[in-house]
Amino acid sequence: MAKDGHSDDRSETASNSDGLKHTRQDPELSEAEYINRYRRARRQLWVWRIVSYLLIAAVVALAVALGVIIKQKHTLEHDNVEFHNATSYAEHNTCPDFLDPGQATLQTNRKPSSDQPNIFEELHTAELAAVRDYLFSQADLNLTRSDEASVASNVLYMMELLPPPKAAALAYLDSGGQARAVLYLGYQEQPRVVEVTVGQLPNPTNYTILREIPWNTRPPNAAEYASMDQLVQQATADLEQFMAATFNGFRYYDCQFPRCLLWSDSTPRGVTNDSRQTWIWFMRLAEGFYLQPIGLEMLISHPGNDPSTWAITQIFYNGQVYQNTTQLNTAFADTTSGLNRQQVMSPLP
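For reference, each letter of the sequence shown is one residue, going 1 to 349 in UniProt numbering.
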């Protein structure tokens, strides 16, 4: 029997360093040893807690990273779809159909949003057609369909709503307002770009020139790009052996898919109204092509409206500038130049 009426269960009570009471079940351990074991157990518990917190934080970070990657993937897929749609549209629904003054229909189905549309609402289909048909009916403008146009042709480049000044807003809403059109008048000895207003909508009966823009400062249209591409085709044909050997079979002229190149241009195209020069650079025709340049660039001089006077005036490659394809081919054939020992390998998939 235990003293003071307590049962003899051989248990003892000890206090840890925190002042907490706990029961010691093993009579073979001293109080100090038991407290040390208890403290070690508590330290191990905290270690496992910290490890658990770190693992939870890592899982959260991985989940966030996965979400970012999925979002970027969706964005890339969306951009690829938009690029595919844009190129398909450019190939199959080009501006000529849009500008056909006869049977072609406009590539839009915009309709007025209401009987009293917002003054900033863009032109709808019927208004665009009316502006187009009216401008093509004006003999003095001598406009040409885009699919039949050259750089030296008069073409309708764009149409958009011309909002009125604030003071004329009410009259603008009542009368239907005016449209603004940009015309490339290349079929002239001195070609020019003009902005005109066409009104009154919905049945225009007159146009007024707003302002003239220097010819060499205009944005390129399809006819100009086609003429530029003829120069590029000829230059890359002259450089066919150099390009095939240097760029691992990738070429622009007479390429064999998938080892094809494409080119893009840059702005500005000059610093004066008398000049028009554009640097172009070549890229592999592959997903993310802007990230796959090959280091070959060309400077095209294309002022005026006569493509027969245009020329490639400089070629840049490997830190060197060549005046023409002959110089570059000569350097490539020279065994001391090092060009014939270089090869730009295909990127990893």
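Every residue, glycine too, gets a C-beta built ideally from N, C-alpha and C. Quantities reported herein were computed from a predicted structural model and do not represent experimental measurements.
For residue i, three-class secondary structure by DSSP
i, result
"Tyr-184", "strand"
"Asn-329", "helix"
"Val-271", "coil"
"Phe-136", "helix"
"Phe-257", "coil"
"Ala-129", "helix"
"Glu-122", "coil"
"Pro-220", "coil"
"Asp-265", "strand"
"Leu-201", "coil"
"Pro-307", "helix"
"Gln-233", "helix"
"Leu-210", "strand"
"Leu-225", "The question names Leu, but residue 225 in the sequence shown is Tyr. The answer is helix: DSSP assigns Tyr-225 an H, G or I state."
"Thr-75", "helix"
"Leu-143", "strand"
"Asn-16", "Confidence at Asn-16 is low in this model, with a pLDDT of 47, below 50, so the placement of that residue is unreliable and no value is reported for it."
"Tyr-34", "helix"
"Asp-100", "Unreliable positioning characterises Asp-100 in this predicted model, as indicated by a pLDDT of 42, which lies under 50. The coordinate reading is nonetheless provided below. DSSP places Asp-100 in coil when its eight states are reduced to three."
"Tyr-53", "helix"
Straight-line gap, residue i to residue j (C-alpha atoms, nearest Å)
i, j, result
"Thr-197", "Asp-133", "14 Å"
"Tyr-290", "His-124", "35 Å"
"Arg-49", "Trp-281", "58 Å"
"Ala-61", "Lys-73", "18 Å"
"Ala-104", "Ile-209", "The predicted position of Ala-104 is uncertain, since its pLDDT is 37 and thus under 50; no value can be drawn from it."
"residue 353", "Met-243", "This structure cannot settle anything about residue 353, because the visible part of the chain is limited to 1 through 349."
"Arg-145", "Phe-136", "9 Å"
"Met-158", "Ala-139", "19 Å"
"Thr-75", "Arg-180", "35 Å"
"Asn-248", "Met-283", "13 Å"
"Ala-57", "Trp-46", "16 Å"
"Ala-333", "Leu-231", "23 Å"
"Ser-308", "Gly-186", "15 Å"
"Ala-152", "Pro-293", "33 Å"
"Ile-69", "Asn-142", "54 Å"
"Arg-37", "Leu-54", "26 Å"
"Ala-126", "Gly-199", "14 Å"
"Ala-168", "Glu-121", "16 Å"
"Gly-288", "Gly-304", "34 Å"
"Gln-188", "Asn-203", "29 Å"
"Gln-44", "Lys-71", "41 Å"
"Leu-170", "Val-131", "22 Å"
"Val-59", "Leu-299", "52 Å"
"Thr-272", "Ser-227", "22 Å"
"Arg-211", "Thr-336", "57 Å"
"Ile-35", "Ala-63", "42 Å"
"Ile-315", "Arg-259", "22 Å"
"Gln-327", "Leu-66", "51 Å"
"Phe-250", "His-302", "27 Å"
"Tyr-253", "Asp-147", "23 Å"
Boundaries (first-last residue) of the beta strand (DSSP E) holding residue i
i, result
"Gln-190", "That residue, Gln-190, is in no beta strand (DSSP E); it is neither H nor E in DSSP."
"Val-151", "Counting along the chain, Val-151 falls outside any beta strand (DSSP E), and DSSP gives it neither H nor E."
"Tyr-290", "No beta strand (DSSP E) contains Tyr-290, which DSSP labels as neither H nor E."
"Phe-282", "277-284"
"Tyr-322", "320-322"
Spatially closest choice to residue i from the options, by CA coordinates
i, options, result
"Asn-229", "Leu-239, Ser-264, Gly-249, Phe-250", "A small fix is needed here, since residue 229 is Asp in this sequence, not Asn. Per the Cα distances, Ser-264."
"Thr-278", "Arg-42, Gly-270, Gly-319", "Gly-270"
"Ala-331", "Arg-284, Leu-239, Arg-218, Glu-297", "Leu-239"
"Glu-224", "Leu-285, Trp-310, Pro-164, Asn-248", "Trp-310"
"Val-182", "Glu-189, Leu-162, Leu-170, Gln-190", "Leu-162"
"Tyr-207", "Val-194, Thr-246, Asn-36", "Val-194"
"Cys-255", "Ala-58, Thr-267, Val-321, Gln-241", "Gln-241"
"Thr-317", "Glu-297, Leu-185, Gln-323", "For the sequence presented, residue 317 should be read as Tyr rather than Thr. Of the candidates Glu-297, Leu-185, Gln-323, the one whose C-alpha sits nearest the C-alpha of Tyr-317 is Glu-297."
"Asn-221", "Asn-154, Ala-169, Gly-249", "Asn-154"
"Ala-129", "Ile-315, Cys-260, Leu-201", "Leu-201"
"Ala-149", "Asp-306, Asp-334, Leu-339, Ile-315", "Asp-306"
"Asp-274", "Pro-191, Leu-285, Asp-334", "Pro-191"
"Gln-233", "Thr-325, Leu-339, Glu-127", "Thr-325"
"Thr-217", "Arg-276, Pro-204, Gln-188", "Arg-276"
"Ile-213", "Gln-188, Glu-33, Ala-65, Tyr-184", "Tyr-184"
"Thr-205", "Ser-227, Gln-188, Gln-178", "Gln-178"
"Thr-267", "Pro-219, Arg-259, Phe-257", "Pro-219"
Contact with chain C by residue i, beta-carbon distance below 9 Å
i, result
"Arg-180", "Checking the listed chains, one finds no chain C in this structure; it contains a single protein chain."
Element boundaries [alpha helix (DSSP H), containing residue i]
i, result
"Gln-241", "240-246"
Any non-hydrogen atom of the ligand HEM within 8 Å of residue i CB
i, result
"Leu-55", "The ligand HEM is not part of this structure, which contains no ligands at all."
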